[in-house]
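Structure first, then comments.
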């Protein structure tokens with residue numbers, strides 16, 4: 006029998022990036038529960054290769070006109086909507102076998118909140134006497150809607166490492182819940198008792214995550230075991246699209262280098278992790294701490310083949326040549342750089358600093374030290390113009406960097422979420438608040454947002470050709486025919502030549518039939534007109 010079961014729910018979407026789904030937060034909470042004397046298990050509902058196709062939900066049916074056809078070209082977007090992970094029924098049955106009196110369910114992202122609730126319902130069906138608590142960003146921001154579901158007994162807002170042991174103890178000892186940090190529960194009169202979000206003061210006092218409870222075999226990167234670490238929490242910046250910037254309670258806190266190294270050692274020794282992703286919101290913000298950390302990693306692991314990454318993105322202004330050199334020597338192979346936009350007007354709207362000069366400097370350092378780079382831009386935000394997003398792509402085209410196009414989605418707690426609400430452009434359902442659903446149609450409409458995302462794919466393909474020694478094809482008129490799919494690169498080159506001639510983005514199915522995708526001709530035409538004029542560089 007197990008006291009407490011922590012669950013990462015399955016999700017439904019067009020794609021899943023499994024290396025970004027390691028349930029690090031649950032491992033942190035599990036460690037605190039074990040220190041408090043409770044037995045704990047983690048059931049990772051995503052840690053399986055199982056997936057099956059579903060019909061696109063009715064509320065997303067408008068997406069069929071953009072990517073409802075099969076496409077095996079290098080410019081393809083999404084082809085099918087899938088359920089990733091175990092079934093809800095299976096999770097409910099497995100939860101019942103543990104006999105847990107408390108089940109905690111992670112609900113990090115608003116578009117997936119429905120699946121966290123479906124998990125709660127399944128658990129309650131097979132274990133009607135257990136108590137269920139939801140935590141994560143979604144219930145922290147939108148606890149009222151979560152508590153409307155009768156399968157949910159509690160919400161913990163904010164950071165749960167301190168709150169979960171106190172809640173578990175209160176349930177076990179039949180005590181009141183009022184003093185549990187971040188707790189939300191129904192009072193006898195049906196109204197909600199709501200505490201302020203919980204916040205950990207000193208991160209160094211927390212136990213190391215209980216990584217022994219994770220299914221590491223699922224999260225391999227190639228043949229390498231992978232792990233997630235955070236060296237800090239929070240972010241002092243106030244970017245309009247980010248929920249952290251809108252959270253008054255969420256302070257920026259840095260762990261000591263010694264604490265991070267202990268966790269790193271734990272992952273490398275215990276699980277032979279060879280790929281580490283730092284999931285900090287702003288890893289390099291504290292230059293002194295980050296430099297000390299890199300020196301320590303370099304001295305310990307420089308000969309081990311350890312690869313490091315910061316997939317959440319790095320602020321270019323926080324990086325200098327010494328730091329980039331150290332990152333290379335410590336195990337970084339790729340720098341994920343947060344640009345936001347190349348438009349100063351748009352950067353003001355995003356409430357972001359202008360990092361363009363620093364961005365160029367870091368790209369130069371990356372080239373000197375043989376590091377790959379990805380530059381991330383946002384497209385489709387309220388009042389953002391599609392022509393500015395095309396300009397962003399052309400800006401990246403002239404630089405040795407891959408283009409990372411992030412389609413805007415409204416994140417609860419952010420100032421842009423409130424702006425969307427004021428403009429009455431919020432999607433009607435939480436499930437639509439995801440990039441893959443192109444949720445907001447405003448000054449950039451959906452057809453334009455889809456086009457910009459496709460143009461990003463085309464740009465990166467052109468960079469790939471340059472980097473691989475191919476020539477960019479000459480523009481050529483499309484001749485109605487089938488493409489015999491023998492080679493993905495050659496197929497892409499042929500479709501690219503047509504695109505450069507007429508600005509139409511085509512796809513091809515397995516039978517070789519070529520078709521036109523639904524795009525914004527004006528945005529694509531502007532890109533074609535300009536891409537032949539810029540000094541296109543590889544990546």
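Residue numbers (the working numbering): 6 to 544.
Ideal Cβ placement from N, Cα and C applies to all residues, glycine included.
#1: In whole angstroms, what is the alpha-carbon distance linking residue 381 and residue 395?
#2: Keeping to the same chain, check which residues put their C-beta closer than 7 angstroms to that of residue 137; ignore five residues upstream and five downstream.
#3: Where do the N-terminal and C-terminal ends of the alpha helix (DSSP H) with residue 349 fall, by residue?
#4: Span of the alpha helix (DSSP H) holding residue 145?
#5: Around the C-beta of residue 89, are 16 or more other C-beta atoms found within 10 angstroms, so that it is buried, or is it exposed?
#6: Let me know the secondary structure DSSP gives residue 322 once reduced to three states.
#7: Does the beta-carbon of residue 494 have 16 or more other beta-carbons within 10 angstroms, so that it is buried, or is it exposed?
#8: For residue 326, collect the residues of the same chain with a Cβ closer than 6 angstroms to its Cβ; drop the 5 residues on either side in sequence, then sort them by chain order.
#9: Can the beta-carbon of residue 237 be found less than 8 angstroms from the beta-carbon of residue 260?
#10: Which residue from 118, 242, 23 and 192 puts its Cα closest to that of residue 420?
#11: Please name the residue in 61, 26, 280 and 71 whose C-alpha comes closest to that of residue 511.
#12: Name the one or two DSSP bridge partners that residue 341 has.
#13: Residue 417 and residue 360 look like a contact to me (Cβ under 8 angstroms); what is the Cβ gap, rounded to whole Å?
#14: Is DSSP giving residue 159 helix, strand or coil here?
#15: Within this structure, are the beta carbons of residue 39 and residue 7 separated by less than 8 angstroms?
#16: Would DSSP call residue 359 helix, strand or coil?
#17: Given that a residue counts as buried once 16 or more other Cβ atoms are within 10 Å of its Cβ, and exposed if not, what is residue 520?
#18: Ends of the beta strand (DSSP E) at residue 279?
#19: Looking only at C-alpha atoms, which of 311, 81, 358 and 354 sits nearest to residue 343?
#20: Assuming residue 57 is part of the beta strand (DSSP E), what are its boundary residues?
#21: Could you check whether residue 221 and residue 215 sit closer than 8 angstroms to each other, using their CB atoms as the reference points?
#22: Rounded to a whole number of angstroms, what is the C-alpha to C-alpha distance between residue 516 and residue 501?
#23: Cutting at 6 angstroms between CB atoms, please list the residues of its own chain near residue 168, excluding the five before and the five after it.
#24: Spell out the partners DSSP gives residue 229 in its beta bridges.
#25: Are the CB atoms of residue 27 and residue 233 within a distance shorter than 8 angstroms?
#26: Is the stretch 268-283 touching the stretch 304-319 in the sense that three or more CB pairs, one from each, lie closer than 8 angstroms?
#27: Does the distance from the CB of residue 401 to the CB of residue 464 come in under 8 angstroms?
#28: Would you report the Cα separation of residue 363 and residue 319, rounded to the nearest angstrom?
#29: For residue 259, which of helix, strand or coil comes out of DSSP?
#30: Judging by CA-CA distance, which residue of 498, 131 and 212 is the nearest neighbour of residue 271?
#31: Measuring straight from C-alpha to C-alpha, what distance separates residue 337 and residue 183?
#32: Please classify residue 496: is it buried, with 16 or more other beta-carbons within 10 angstroms of its beta-carbon, or exposed?
#33: Taking residue 574 as the reference, which of 50, 25, 225 and 67 has the closest Cα?
#34: What are the boundary residues of the alpha helix (DSSP H) that includes residue 395?
#35: Could you give the DSSP three-state label for residue 246: helix, strand or coil?
#36: Would you tell me roughly how many angstroms separate the C-alpha atoms of residue 513 and residue 407, rounded to the nearest one?
This is what the structure gives:
#1: Stepping through the chain shown from its first residue, residue 381 is reached at position 376. Stepping through the chain shown from its first residue, residue 395 is reached at position 390. About 13 angstroms.
#2: Stepping through the chain shown from its first residue, residue 137 is reached at position 132. For residue 137, where only same-chain residues beyond five positions count, the Cβ hits under 7 angstroms are 108, 110, 125, 128, 129, 156, 157 and 158.
#3: Numbered from its first residue, the chain shown carries residue 349 at position 344. First-last of the alpha helix (DSSP H) with residue 349: 349-354.
#4: Locating residue 145 in the chain shown gives position 140, where the first residue counts as 1. Per DSSP, residue 145 belongs to the alpha helix (DSSP H) from 142-146.
#5: Here the question's residue 89 lines up with position 84 in the chain shown. With 16 or more Cβ atoms within 10 Å of its Cβ, residue 89 is classed as buried.
#6: The count along the chain shown starts at 1 and reaches residue 322 at position 317. Here residue 322 sits in helix by DSSP.
#7: Counted from its first residue, the chain shown places residue 494 at position 489. Residue 494 comes out exposed.
#8: The count along the chain shown starts at 1 and reaches residue 326 at position 321. So the list reads 370, once near-sequence residues are dropped.
#9: Here residue 237 refers to the residue found at position 232 when the chain shown is read from its first residue. Here residue 260 refers to the residue found at position 255 when the chain shown is read from its first residue. Yes, the Cβ-Cβ distance between residue 237 and residue 260 is below 8 angstroms.
#10: Translated into the one-based positions of the chain shown, residue 420 becomes position 415. Nearest C-alpha to residue 420: 242.
#11: Taking the chain shown and counting its residues from 1, one reaches residue 511 at position 506. Measuring from the Cα of residue 511, the nearest candidate turns out to be 71.
#12: Position 336 of the chain shown holds residue 341. Beta-bridge pairing links residue 341 to 379.
#13: On the chain shown, residue 417 is found 412 positions in, with the first residue counted as 1. On the chain shown, residue 360 is found 355 positions in, with the first residue counted as 1. Contact doesn't hold; Cβ gap of about 26 angstroms is too wide.
#14: Here residue 159 refers to the residue found at position 154 when the chain shown is read from its first residue. Strand.
#15: Numbered from its first residue, the chain shown carries residue 39 at position 34. Numbered from its first residue, the chain shown carries residue 7 at position 2. No; because the gap between Cβ atoms is not below 8 angstroms, this pair is not in contact.
#16: To locate residue 359, count along the chain shown from 1; it is residue 354. Three-state result, residue 359: coil.
#17: The sequence position of residue 520 within the chain shown is 515, counting from 1. Looking at its Cβ environment, which holds fewer than 16 other Cβ atoms inside 10 Å, residue 520 is exposed.
#18: By 1-based counting over the chain shown, the position of residue 279 is 274. Unbroken beta strand (DSSP E) run through residue 279: 278-283.
#19: Translated into the one-based positions of the chain shown, residue 343 becomes position 338. Among 311, 81, 358 and 354, the Cα nearest to that of residue 343 is on 358.
#20: Start at 1 with the first residue of the chain shown, and residue 57 comes out as number 52. Run containing residue 57: 56-59, per the beta strand (DSSP E) assignment.
#21: Start at 1 with the first residue of the chain shown, and residue 215 comes out as number 210. Start at 1 with the first residue of the chain shown, and residue 221 comes out as number 216. Contact flag unset, no.
#22: Here the question's residue 516 lines up with position 511 in the chain shown. Here the question's residue 501 lines up with position 496 in the chain shown. If you take the alpha carbons of residue 516 and residue 501, they lie about 19 angstroms apart.
#23: The residue you call residue 168 lines up with position 163 of the chain shown. Excluding residues within five positions, the ones whose Cβ falls inside 6 angstroms are 161, 185, 186, 187 and 203.
#24: Indexing the chain shown from 1 puts residue 229 at position 224. DSSP output for residue 229 lists 226 as bridge partner(s).
#25: For the purposes of this step, residue 233 is identified with residue 228 of the chain shown, where counting begins at 1. For the purposes of this step, residue 27 is identified with residue 22 of the chain shown, where counting begins at 1. Yes, they are a contact pair.
#26: yes
#27: The count along the chain shown starts at 1 and reaches residue 401 at position 396. The count along the chain shown starts at 1 and reaches residue 464 at position 459. Taking 8 angstroms as the Cβ cut-off, residue 401 and residue 464 qualify as a contacting pair.
#28: Translated into positions along the chain shown, residue 363 becomes position 358. Translated into positions along the chain shown, residue 319 becomes position 314. Distance between the alpha carbons of residue 363 and residue 319: 11 angstroms.
#29: Counted from its first residue, the chain shown places residue 259 at position 254. Strand at residue 259.
#30: Here the question's residue 271 lines up with position 266 in the chain shown. For the residues 498, 131 and 212, the minimum Cα distance to residue 271 belongs to 212.
#31: The residue you call residue 337 lines up with position 332 of the chain shown. The residue you call residue 183 lines up with position 178 of the chain shown. Residue 337 and residue 183: Cα-Cα distance of roughly 46 angstroms.
#32: Against the chain shown, residue 496 aligns to sequence position 491. It is buried - the Cβ of residue 496 has at least 16 other Cβ atoms within 10 Å.
#33: Absent from the model: residue 574. The displayed extent of the chain is 6 to 544, so no value can be given.
#34: Counting from 1 along the chain shown, the entry for residue 395 is found at position 390. Where residue 395 is concerned, the enclosing alpha helix (DSSP H) stretches over 391-402.
#35: In the chain shown, counting from the first residue as 1, residue 246 sits at position 241. Coil.
#36: On the chain shown, residue 513 is found 508 positions in, with the first residue counted as 1. On the chain shown, residue 407 is found 402 positions in, with the first residue counted as 1. Approximately 24 angstroms between the Cα atoms of the pair.
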